[in-house]
Amino acid sequence: AGEQAALALQPQPQHARAVVSYLEVAASSHAAQVNVLAEVKPRWQSTIKAFVRGEVRDIAATLREGNPVRKGQLLLSLQDSAYRAAVAEANNRLRRAEVEHLQAQRQAQQAQRNWQRAALGDAPDSPLTLHQPQLQAAHAELQAAQAALSDAKTQLAYTRVRAPYDGVIVSTSVNPGEAVEVGQPLV
């Protein structure tokens with residue numbers, strides 16, 4: 010009973026009130042600065058080489074180390090007179106081949122009509138009678154002339170060196186007036 014009396018006499022602890030402070034916050038953007046060490050490597054790194062030979066005629070003012078370039082941007086041009094002449098020659102060859110092909114078609118059609126009018130049988134003994142080999146030769150010459158013109162135009166286009174993709178010039182190895190050979194590094 011004495012212990013109970015002692016407990017009853019002791020003061021009961023009061024609950025302490027805590028002081029709480031608060032701030033009102035709102036969402037906003039904040040720029041953070043992060044310092045890191047890194048190495049940047051290009052996705053592609055190419056050496057642009059000459060596809061045709063010729064004298065360097067013009068170099069773009071932007072063709073300097075460290076300058077950015079855009080895909081398709083003209084970097085330099087080579088002397089193109091011989092390549093323009095080749096395109097003209099190939100174009101003339103194509104025109105002649107077109108005329109010869111039309112003539113061979115006409116002759117083959119006429120030979121076929123003559124054979125049918127003569128009523129000499131189902132088919133002649135030789136394909137020469139209906140001008141088939143001549144027509145095939147004219148058609149082959151037409152295709153060859155078309156391919157020659159396409160190739161001449163491609164060679165002419167190679168005299169204008171363009172950036173293959175967006176990038177930065179790392180180095181140049183060509184000067185105005187220099188003669189370049191096929192496969193020589195330019196940029």
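When we follow the numbering used here, the leftmost residue of the sequence shown carries the number 10, and every step to the right adds one. Positions of the beta carbon are idealized from the N, C-alpha and C atoms, including for glycine.
Nearest-angstrom Cβ-Cβ length linking residue i and residue j, presumed shorter than 8 Å
i	j	result
L83	L195	Actually they do not touch by this definition, with Cβ atoms about 13 Å apart.
A172	G81	6 Å
P185	I57	17 Å between Cβ atoms; not a contact.
T138	A113	Between A113 and T138 the Cβ distance is about 14 Å, and since that is not below 8 Å, they are no contact.
Reference residue i; option with closest CA among the options
i	options	result
V179	L158, S55, Y31, R102	S55
Y174	P51, A113, Q141	P51
E150	R26, R169, L111	L111
A94	G192, R26, L158, P185	L158
Per DSSP, the bridge partner or partners of residue i
i	result
P77	V177
P194	K58
D67	S86
V170	L85
A188	E64
Proximity of residue i and residue j at Cβ, strictly below 8 Å
i	j	result
Q42	R66	no
E187	A147	no
Q164	L103	no
R62	E190	yes
Q143	Q116	yes
V78	A161	no
G192	A91	no
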